[in-house]
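Asker: Encoded as structure tokens, here's the structure I'll be asking about.
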Amino acid sequence: MLDIESIRHDFPILDQQVNDYPLVYLDNAASSQKPRQVIDAVSQYYLEYNSNIHRGVHRLSQLATDAYEGARVKVRDFIHAQSEQEIIFVRGATEAINLVAQSFVRPMLQAGDEILISHMEHHANIVPWQMLCEQTGAILKIIPMTDLGELDLSSFDDLLNDKTKILAVGHVSNALGTINPIKGMIDKAHAKSIPVLIDGAQAVPHMEIDVQDLDCDFYVFSGHKMFAPTGTGVLFGKKELLEAMPPWQGGGDMILSVSFEKTQYNELPYKFEAGTPNIAGAIGLGVAIDYMLSIGMANIAAYEHDLLVAATEKVTAMGGVKIIGTAKEKASVLSFMIDGVHPHDVGTIFDQQGIAIRTGHHCAQPVMQYFGIPATARASFAFYNTMEEVDALVLGIKKVQELFA
Amino acid sequence: MSSADLRDLYQQVIMDHNKKPRNFREMEDANHLAHGNNPLCGDTLVVFLKLDGDTIADVSFQGSGCAISVASASLMTESLKGKTLPEAEHIYQQMHKQLTGEEFDHSALGKLEVLGGVKEFPTRVKCATLSWHTMHAAMDSDHDISITTE
Numbered sequence: 044m045l046d047i048e049s050i051r052h053d054f055p056i057l058d059q060q061v062n063d064y065p066l067v068y069l070d071n072a073a074s075s076q077k078p079r080q081v082i083d084a085v086s087q088y089y090l091e092y093n094s095n096i097h098r099g100v101h102r103l104s105q106l107a108t109d110a111y112e113g114a115r116v117k118v119r120d121f122i123h124a125q126s127e128q129e130i131i132f133v134r135g136a137t138e139a140i141n142l143v144a145q146s147f148v149r150p151m152l153q154a155g156d157e158i159l160i161s162h163m164e165h166h167a168n169i170v171p172w173q174m175l176c177e178q179t180g181a182i183l184k185i186i187p188m189t190d191l192g193e194l195d196l197s198s199f200d201d202l203l204n205d206k207t208k209i210l211a212v213g214h215v216s217n218a219l220g221t222i223n224p225i226k227g228m229i230d231k232a233h234a235k236s237i238p239v240l241i242d243g244a245q246a247v248p249h250m251e252i253d254v255q256d257l258d259c260d261f262y263v264f265s266g267h268k269m270f271a272p273t274g275t276g277v278l279f280g281k282k283e284l285l286e287a288m289p290p291w292q293g294g295g296d297m298i299l300s301v302s303f304e305k306t307q308y309n310e311l312p313y314k315f316e317a318g319t320p321n322i323a324g325a326i327g328l329g330v331a332i333d334y335m336l337s338i339g340m341a342n343i344a345a346y347e348h349d350l351l352v353a354a355t356e357k358v359t360a361m362g363g364v365k366i367i368g369t370a371k372e373k374a375s376v377l378s379f380m381i382d383g384v385h386p387h388d389v390g391t392i393f394d395q396q397g398i399a400i401r402t403g404h405h406c407a408q409p410v411m412q413y414f415g416i417p418a419t420a421r422a423s424f425a426f427y428n429t430m431e432e433v434d435a436l437v438l439g440i441k442k443v444q445e446l447f448a
Numbered sequence: 003m004s005s006a007d008l009r010d011l012y013q014q015v016i017m018d019h020n021k022k023p024r025n026f027r028e029m030e031d032a033n034h035l036a037h038g039n040n041p042l043c044g045d046t047l048v049v050f051l052k053l054d055g056d057t058i059a060d061v062s063f064q065g066s067g068c069a070i071s072v073a074s075a076s077l078m079t080e081s082l083k084g085k086t087l088p089e090a091e092h093i094y095q096q097m098h099k100q101l102t103g104e105e106f107d108h109s110a111l112g113k114l115e116v117l118g119g120v121k122e123f124p125t126r127v128k129c130a131t132l133s134w135h136t137m138h139a140a141m142d143s144d145h146d147i148s149i150t151t152e
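For the protein sequence lines, the chains are A and B, in the order given. Sequential numbering from 44 applies to the first sequence in our numbering. Sequential numbering from 3 applies to the second sequence in our numbering.
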């Protein structure tokens, strides 16, 4: 059991009124709130030891370097990577995917080669690959989806073929909540020597991740969805792959020596971290990991599952509401449509009751096209949400139905 | 925090026009039309105009969107039918002023004033303006054009 009262106390932002109602924050899949511990760690860096990292011989630089590199070790342990050299700090999952697309996949692509993604990807795991296809003449192939919002893997074996140069798939769908069976998919791709990138942006806040057990080649995620500052993120890559890849961006910190004749690149992970990084953000990310681990990932997953089950049951029982995304395995995302009401009207009416949800296409327009809808309303839960907030969601839907009756 | 009232936004007239949009049809003999699209929210609509000289002999629309968007388009078609182009231009300008909180000519808008509540909800103003921008583009062009707002 989680001590929700004590947890909520760690998130000062949750204790406020919006439009004269207590804030009910159900937009966690877009961005989560940050605990006081993370905010304090960021402040402490700026108040006490703000300085550039690496190579500094003075005290503050050493403290900053230790904290920044300490955060990298925390990330390594958090996702069970073998080495901290496999942990690249980036701006977010989007940047990590672009890095892999340009630095790993592009050099080996020829016209007619194939890149395999799924129908339920976030735009961040579609557009970088489309850009790559435009640059190289490669072809984007799509794993189809079912009406439940699950991947249709009946043609998966055929989609993985001699031309497939990478499989890039989301661990958890941001629009539907579906948890994809990535372990089996990775095994199948590897049986044909196809490397695999997993977009874990929606998975990392909700469940334990073990990249060695998954055996994925790349795993990417964003800090701001896991209680850390915005502008932080991680690219995990297997060391031998990262070592063989050319740098993505050039600049300071990613070199060993520079002359006008020749530049020698730095070793991992610094080869991929050109320029001064988001030092405070990375430190905050490390503290966010400490915070999640102090609750326990299994406890988080179990509690959020209870919230999702309760919300799903209550909303289903209401009538006049359709849940979009009814996969068997789901993270705590509830996308829904209220009969006869456009999601943007739902969003405004919810906001007037202090309830923050997301309405729109959730950066997953192909998912909307599949279901033939312009948008959905989406409630997404974190471990600081409560059963009372599930009830607020239900009341919010009732209010919409009354207004539009 | 804002205490704008939902009843100011979702007035009876707006709910009625959302449920039963007027002039919601394709017009086969239209001589002006434009497509409007807001990629951020997915609203799309087509505005059809039949001009007889400088008079709007008929106006209709089709598309999908939120209640504000549909009601605004429906009310627009009612208000513009039979108007001359200069009159329509005047109404368009006054509508724009109303939604941006400027002084406007109340006599020009009449029933359209029910849309004024939208200005208290800044994230929703674009919902109300899409059909008007699309109509304006159709007025100015004798071929099918597309406009995008966000």
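For every residue, glycine included, the Cβ atom is placed at its ideal position computed from N, Cα and C. Note that the structure is a prediction, hence the values are computed from the model and not measured.
Excluding the 5 residues preceding and the 5 following ASP200 (chain A) in the sequence, name in chain order all residues of the same chain whose CB lies nearer than 8 Å to its CB.
Answerer: For ASP200 (chain A), where only same-chain residues beyond five positions count, the Cβ hits under 8 Å are LYS231.
Asker: Which of the three DSSP states is assigned to HIS404 (chain A) in this structure?
Answerer: HIS404 (chain A) falls in the coil class under three-state DSSP.
Asker: Can you tell me whether DSSP reads LYS268 (chain A) as helix, strand or coil?
Answerer: It is helical.
Asker: Would the beta-carbon of PHE424 (chain A) fall within 9 Å of that of LEU336 (chain A)?
Answerer: For PHE424 (chain A) and LEU336 (chain A), no; Cβs fall outside 9 Å.
Asker: Taking the straight line between their C-alpha atoms, what separation do you get for VAL120 (chain B) and GLN408 (chain A)?
Answerer: Answer to the nearest angstrom: the Cα atoms are 27 Å apart.
Asker: Compare the C-alpha of HIS97 (chain A) against each of A:LYS117, A:HIS233, A:LEU106 and A:LEU90 and name the closest.
Answerer: HIS97 (chain A) has its Cα closest to that of A:LEU106, out of A:LYS117, A:HIS233, A:LEU106 and A:LEU90.
Asker: If we call anything under 9 Å between Cβ atoms a contact, is ILE241 (chain A) one with CYS259 (chain A)?
Answerer: The answer is yes: Cβ separation under 9 Å.
Asker: Within 8 Å, do at least three Cβ pairs link the region 83-102 of chain A to the region 15-26 of chain B?
Answerer: Touching, no, given that fewer than three Cβ pairs across the two stretches are closer than 8 Å.
Asker: As an exercise, report each continuous alpha helix (DSSP H) stretch of at least 4 residues that is fully enclosed by the region 312-365 of chain A, in chain order.
Answerer: Runs found: 322-338 and 340-361.
Asker: Can you list, in chain order, the residues of its chain whose CB lies under 6 Å from that of PRO187 (chain A), leaving out five sequence neighbours each side?
Answerer: Same-chain partners within the cutoff: HIS162 and ASP195.
Asker: Can you tell me which of A:GLU316, A:SER300, A:PHE270 and A:THR275 puts its alpha carbon nearest to the alpha carbon of TRP291 (chain A)?
Answerer: Closest by alpha carbon: A:GLU316.
Asker: Considering only the alpha carbon of each residue, which of A:ASN223, A:THR306, A:HIS404 and A:GLY295 lies closest to GLY318 (chain A)?
Answerer: Checking every option, the nearest Cα to that of GLY318 (chain A) belongs to A:GLY295.
Asker: Grab the span of the alpha helix (DSSP H) containing THR17 (chain B) for me, first residue to last.
Answerer: Here residue 17 (chain B) is Met; the residue named in the question, Thr, does not match the sequence. Where MET17 (chain B) is concerned, the enclosing alpha helix (DSSP H) stretches over 14-21.
Asker: Which residue's Cα is closest to the Cα of VAL266 (chain A): A:ASP63, A:LEU57, A:LYS77 and A:ALA234?
Answerer: Looking at the sequence provided, one finds Gly at residue 266 (chain A) rather than Val. Here the closest residue by C-alpha is A:LYS77.
Asker: Given that a residue counts as buried once 16 or more other Cβ atoms are within 10 Å of its Cβ, and exposed if not, what is ARG421 (chain A)?
Answerer: Buried, by the Cβ-count rule.
Asker: Against chain A, with Cβ distances strictly below 9 Å, would PHE123 (chain B) count as a contact?
Answerer: It does; some Cβ of chain A falls within 9 Å.
Asker: So the alpha helix (DSSP H) LEU306 (chain A) belongs to, where does it begin and stop?
Answerer: In the sequence under discussion, the amino acid at residue 306 (chain A) is Thr, which differs from the Leu named in the question. Careful: THR306 (chain A) lies outside any alpha helix (DSSP H), inside the beta strand (DSSP E) at 306-308.
Asker: Can you look up TYR68 (chain A) in the DSSP assignment and give me helix, strand or coil?
Answerer: TYR68 (chain A): strand per DSSP, three-state reduction.
Asker: Roughly how many angstroms separate the alpha carbons of ARG27 (chain B) and GLY103 (chain B), rounded to a whole number?
Answerer: So the two alpha carbons sit approximately 32 Å from each other.
Asker: Answer yes or no: do ALA130 (chain B) and SER71 (chain B) have a C-beta to C-beta separation smaller than 9 Å?
Answerer: Yes, they are a contact pair.
Asker: Going along chain B in order, which residues have a C-beta closer than 8 Å to the C-beta of LEU152 (chain A)?
Answerer: Near LEU152 (chain A) there are no residues of chain B at all, since even the closest Cβ is about 29 Å away, more than 8 Å.
Asker: How long is the line joining the alpha carbons of TYR68 (chain A) and LEU57 (chain A), rounded to whole angstroms?
Answerer: Cα to Cα, the separation comes out at about 7 Å.
Asker: Just to confirm the assignment: which complete beta strand (DSSP E) runs, minimum length 3, are found wholly within the region 227-279 of chain A?
Answerer: Those beta strand (DSSP E) runs which fall completely within the region 227-279 of chain A and span 3+ residues are 239-242 and 261-265.
Asker: Rounded to a whole number of angstroms, what is the C-alpha to C-alpha distance between THR136 (chain B) and TYR92 (chain A)?
Answerer: C-alpha separation (whole angstroms): 55 Å.
Asker: Mapping DSSP to helix, strand and coil, what is GLN64 (chain B)?
Answerer: If DSSP states are grouped into helix, strand and coil, GLN64 (chain B) belongs with the strands.
Asker: With a cut-off of 8 Å on the beta carbons, I'd call VAL34 (chain A) and GLY276 (chain A) a contact; round off their distance for me.
Answerer: Outside the displayed range of chain A (44 to 448) lies residue 34 (chain A), so it cannot be described from this structure.
Asker: Among the candidates B:PRO41, B:VAL127, B:ALA110 and B:LYS85, whose CA atom is the shortest distance from the CA of ASP388 (chain A)?
Answerer: Checked all of B:PRO41, B:VAL127, B:ALA110 and B:LYS85; the closest Cα to ASP388 (chain A) is B:VAL127.
Asker: Rounded to a whole number of angstroms, what is the C-alpha to C-alpha distance between GLY363 (chain A) and LYS441 (chain A)?
Answerer: Using only the alpha carbons, I get a separation of about 10 Å.
Asker: For the region 355-387 of chain A, list every residue whose C-beta sits within 7 Å of some C-beta in chain B, in sequence order.
Answerer: The residues in question are HIS385 and HIS387.
Asker: Would you mind working out which of B:MET97, B:ALA73 and B:ALA36 sits nearest ASP146 (chain B), comparing C-alpha positions?
Answerer: If we check each option's Cα against that of ASP146 (chain B), B:ALA36 comes out closest.
Asker: Along chain B, in chain order, which residues have C-beta atoms closer than 8 Å to that of ALA418 (chain A)?
Answerer: CYS43 and GLY44, listed in chain order.
Asker: Taking 9 Å as the CB-CB cut-off, is LEU11 (chain B) touching chain A?
Answerer: Judged by the 9 Å Cβ criterion, LEU11 (chain B) is in contact with chain A.
Asker: In the DSSP assignment, find the unbroken alpha helix (DSSP H) run with ASP142 (chain B) in it and report its ends.
Answerer: Unbroken alpha helix (DSSP H) run through ASP142 (chain B): 127-142.
Asker: May I have the straight-line CA-CA distance separating LEU101 (chain B) from THR207 (chain A), to the nearest angstrom?
Answerer: Those two C-alpha atoms are separated by around 52 Å.
Asker: Which of the residues in the region 58-76 of chain B, read from start to end, lie with their CB under 9 Å from any CB of chain A?
Answerer: Under the 9 Å Cβ criterion, the region 58-76 of chain B contributes SER66, GLY67, CYS68, ALA69, ILE70, SER71 and VAL72.
Asker: Could you check which residue in B:SER76, B:SER143, B:GLY44 and B:THR46 has the C-alpha nearest to that of LEU114 (chain B)?
Answerer: Of the candidates B:SER76, B:SER143, B:GLY44 and B:THR46, the one whose C-alpha sits nearest the C-alpha of LEU114 (chain B) is B:SER76.
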